[in-house]
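Engineer: If you're matching them up, the sequences are chains A and B in order. Residue numbering for the first sequence follows the numbering used here, starting at 1267 and increasing by one per position. Residue numbering for the second sequence follows the numbering used here, starting at 1267 and increasing by one per position. Glycine included, C-beta positions come from ideal geometry on N, C-alpha and C. Fair warning: this is a prediction, and the values are worked out from it, not measured in the lab. Please read through the structure below; I'll follow up with questions.
2 protein chains.
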Amino acid sequence: MADKKMGGRSLCLPGTPSFLGYANCVGGKEGEGPLKESFDRISTDPFFGEKSWEKAESAMVKIAYDGALDKAGLSPSAVDMLFAGDLLNQCIGTTFGLKESGAAHFGVYGACSTMAESLALAALMVEGGFADVAAAATCSHFATAERQFRSPMEYGGQRTPTAQWTVTGAGAVILGREGSGPYVTHVTPGVIVDAGVTDANNMGAAMAPAAYDTLSRHFTDLGRSPGDYDLIVTGDLGELGSRLLRELFQKDGVELGSRYTDCGLLIFDQEKQDVHAGGSGCGCSASVLTGYLLNGVRSGKWKRILFAATGALMSTTSSQQGDSIPGICCAVAIQKEKGV
Amino acid sequence: MADKKMGGRSLCLPGTPSFLGYANCVGGKEGEGPLKESFDRISTDPFFGEKSWEKAESAMVKIAYDGALDKAGLSPSAVDMLFAGDLLNQCIGTTFGLKESGAAHFGVYGACSTMAESLALAALMVEGGFADVAAAATCSHFATAERQFRSPMEYGGQRTPTAQWTVTGAGAVILGREGSGPYVTHVTPGVIVDAGVTDANNMGAAMAPAAYDTLSRHFTDLGRSPGDYDLIVTGDLGELGSRLLRELFQKDGVELGSRYTDCGLLIFDQEKQDVHAGGSGCGCSASVLTGYLLNGVRSGKWKRILFAATGALMSTTSSQQGDSIPGICCAVAIQKEKGV
């Protein structure tokens, strides 16, 4: 067993679970951004044909999940376990969207790190022999997040320069023991890191120390350096958070350079789309992973990437009570070829 | 690997992860109930010395977690992974209570089934060789749940006869590969079951079909019957839900009889404590498991029990939008002796 548990907290998956299918679904604004070609479904109707934004979010994650199953060529009954969660109170986005999946359901909550957390757990279940096929899914919707975390949409609140734009998007992946890749080779789960940031309009700053913690442990545990990856992608640190992450590594004499980017910077056009510090939300890293990133690994554009989604573990109640914003980051190493 | 994955969704854990330590912490009302002798810490101060109920809930789960570590004789750094979640929006109860644990943190959301979900995942991680030591913890607080899900405490709302009383309590367990038991032998994770119940004051009825689904699959998958367990305990179906569960099994010609009970019925005195249909909340099954139940297995009172926590996967938003209440139930088989 010792070969799975590495030094530190990192885990090695010698069986290298394979992606069998993956898909996404996004809103109109995301569909106008730089990654538009990588989305399976773009809905210009923010309600996705439903009567409320919450139901729209559920509809969206169902579309992504069904799409991933289709691409895997599997029926819903082939999925042994499904790990899913979202930002809505009590995770109703994924619960209602996926309540008819028929799979063993494990609700997870990692805020905007949920895609990496759920992917990591699904991969570990396959690796551990507990599932032949395991799935992971998450979603977020700009309108549900705005009214739950900030102000009623009708209020038209002004946004601060450090604010990020919650992505309307969902992503789902299906993993199995046998497949033609890409493959999951390592997982470095996150510890909660609280740097004392209290500004709920500056999530990037709150999450950057957690990303630094997880990524630097990942490199140490595996004896790797950033240069061992063709691409290192954090979840949704945005402009400010990703700059902070670069600076934290620079203090160690490590230059992340051009191989490093962030899903929150990739999904929107920072010049033209007026999203301030970039994209955020569970659906941000989920829709970028299940299109642009996995497509790139599959096509051989990148041989090995490190996907490190980040989450801010706060609520309106904790912020109203003056609490700081703890961050978390879960990293998953993904490569084109089988083997660790 | 095939020996772990059984027919249906049930999982076998041949390595039988052992409880190394477990502890709980409850409020004053719980401390006056029938299980008072099984609680490690009873606080007559509902604020647990904190300034808000939410902070009290966090303080409570920290006490339980620290207590479990103490009993296991382990320092916090010995814990590889921690699975934790709660009922508060964005799971702030466990996040803030356990943010300094230093363990790899996996946030989970299973509503009131969280103790079983987190315990199951921790056990699977140990069994799979991904953790030497894994922990699970959850909590709930009557006052935080009332004001989040129902009415402001000051309003003094009238309760319906089918309403349950959210337990102020927390529980934590530490599992490891080697130990003197009790041992986890099997897990039957739940699928989401939506029976169409829309009455948020009748959670028991919403969750009973999910409990029936998981328990009946457990018996079928393992080739066991209720008679193979000395005790079968659902999470918090309460008076109405547990009666419904008995009736669902009776339709199959199966009599659960006196070996079946429910954490929501055990924790309060139904005659004297005015809790209507019984206890509920993540802390209900958590505090009953980590005292009365595990003590009973350890002492030999019961050789084998089936712990099946139940959850109602709704939010105030979903109920306000007229949605039904999907239920879920995760079952974990626990026994005194090692071996499956």
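Output needed in chain order: residues of the stretch 1369-1383 of chain B with a Cβ under 8 Å from some Cβ in chain A.
Structural biologist: Ala1369, Ala1370, His1371, Phe1372, Gly1373, Val1374, Tyr1375, Gly1376, Ala1377, Glu1383
Engineer: Mind checking if Gln1356(B) is an interface residue toward chain A, Cβ cutoff 9 Å exclusive?
Structural biologist: yes
Engineer: For the alpha helix (DSSP H) that contains Gln1601(A), what are its first and last residues?
Structural biologist: Where Gln1601(A) is concerned, there is no enclosing alpha helix (DSSP H), although the beta strand (DSSP E) it sits in stretches over 1593-1601.
Engineer: Distance check for Ala1466(A) and Pro1427(A), CA to CA, integer angstroms please.
Structural biologist: 12 Å
Engineer: Just to confirm the assignment: which complete beta strand (DSSP E) runs, minimum length 3, are found wholly within the stretch 1308-1392 of chain B?
Structural biologist: For the beta strand (DSSP E) assignment, the uninterrupted runs of no fewer than 3 residues enclosed by the stretch 1308-1392 of chain B are, from N- to C-terminal side, 1347-1352, 1370-1373.
Engineer: What's the call for Ser1341(B), buried or exposed, on a 16-neighbour Cβ count within 10 Å?
Structural biologist: exposed
Engineer: Compare the C-beta of Thr1451(A) against all C-beta atoms of chain B and say whether one is closer than 9 Å.
Structural biologist: Not a single CB atom of chain B sits nearer than 9 Å to the CB of Thr1451(A).
Engineer: Inspect the CB distances between the stretch 1320-1340 of chain A and the stretch 1542-1551 of chain B and report whether three or more fall short of 8 Å.
Structural biologist: no
Engineer: Short check: CB of Gly1523(A) to CB of Cys1378(A), under 9 Å?
Structural biologist: no
Engineer: Report the three-state DSSP secondary structure of Leu1277(A) (helix, strand or coil).
Structural biologist: strand
Engineer: Which residues in the same chain as Phe1534(A) place their Cβ atom closer than 6 Å to its Cβ, once the five residues preceding and following it in sequence are excluded?
Structural biologist: Once the five neighbours on either side are set aside, the close Cβ partners of Phe1534(A) are Gly1299, Val1541, Gly1545.
Engineer: Just to confirm my understanding: we take Tyr1495(A), look at its own chain, exclude 5 residues before and 5 after, and list those with CB closer than 7 Å. What are they?
Structural biologist: Within the same chain, Tyr1495(A) has close Cβ partners Arg1525, Arg1570, Ile1571, Leu1572.
Engineer: Secondary structure at Phe1608(A), three-state DSSP: helix, strand or coil?
Structural biologist: Absent from the structure is residue 1608(A), since the part of chain A shown begins at 1267 and ends at 1606.
Engineer: What is the residue span of the alpha helix (DSSP H) that Asn1468(B) lies within?
Structural biologist: It is not in any alpha helix (DSSP H) - Asn1468(B) carries neither H nor E in the DSSP assignment.
Engineer: Mind pulling the chain B residues with CB within less than 8 Å of Ala1397(A)?
Structural biologist: Lys1271
Engineer: Measuring alpha carbon to alpha carbon, tell me which residue in Lys1302(B), Gly1493(B), Ile1458(B) is nearest Tyr1478(B).
Structural biologist: Of the residues Lys1302(B), Gly1493(B), Ile1458(B), the one whose Cα lies closest to the Cα of Tyr1478(B) is Ile1458(B).
Engineer: Going by the CB atoms, is the gap between Ala1401(B) and Val1453(B) shorter than 9 Å?
Structural biologist: no
Engineer: Does the beta carbon of Asp1460(B) sit closer than 9 Å to a beta carbon anywhere in chain E?
Structural biologist: The chain labelled as chain E is not found among the protein chains of the depicted structure, namely A and B.
Engineer: Applying a beta-carbon distance threshold of less than 7 Å, which residues of chain A neighbour Pro1592(B)?
Structural biologist: Thr1361, Lys1365
Engineer: Please list, in chain order, the chain B residues whose beta carbon lies closer than 9 Å to that of Gly1351(A).
Structural biologist: Within 9 Å Cβ-Cβ: Gly1373, Val1374, Tyr1375.
Engineer: For Asp1502(A), count neighbouring Cβ atoms within 10 angstroms of its own Cβ and tell me buried if that reaches 16, exposed if not.
Structural biologist: Counting Cβ neighbours within 10 Å, Asp1502(A) comes out buried, since at least 16 surround it.
Engineer: Taking only three categories from DSSP, how would you classify His1407(A)?
Structural biologist: coil
Engineer: Let me know if Thr1380(A) comes out buried or exposed under the rule of 16 or more other beta-carbons within 10 Å of its beta-carbon.
Structural biologist: buried
Engineer: State the start and end residues of the unbroken beta strand (DSSP E) segment that holds Arg1570(A).
Structural biologist: 1570-1578
Engineer: Taking DSSP as the reference, what is the three-state secondary structure of Asp1221(B)?
Structural biologist: This structure gives no information on residue 1221(B), because the portion of chain B shown stretches from 1267 to 1606.
Engineer: Please state whether the Cβ-Cβ distance between Gly1593(B) and Ala1461(B) is less than 9 Å.
Structural biologist: Cβ distance < 9 Å, so Gly1593(B) and Ala1461(B) count as in contact.
Engineer: Which first and last residues belong to the alpha helix (DSSP H) in which Leu1510(B) is found?
Structural biologist: 1504-1516
Engineer: Give the secondary structure of Pro1464(B) by DSSP, where H, G and I count as helix, E and B as strand, and everything else as coil.
Structural biologist: The question names Pro, but residue 1464(B) is Thr in the sequence shown. Reduced to three states, the DSSP call for Thr1464(B) is coil.
Engineer: So that I know if they touch, is there some Cβ in chain A lying closer than 9 Å to that of Val1457(B)?
Structural biologist: yes
Engineer: What does the alpha-carbon distance come out to for the pair Leu1555(A) and Gly1530(A)?
Structural biologist: Between Leu1555(A) and Gly1530(A), the C-alpha separation is close to 12 Å.
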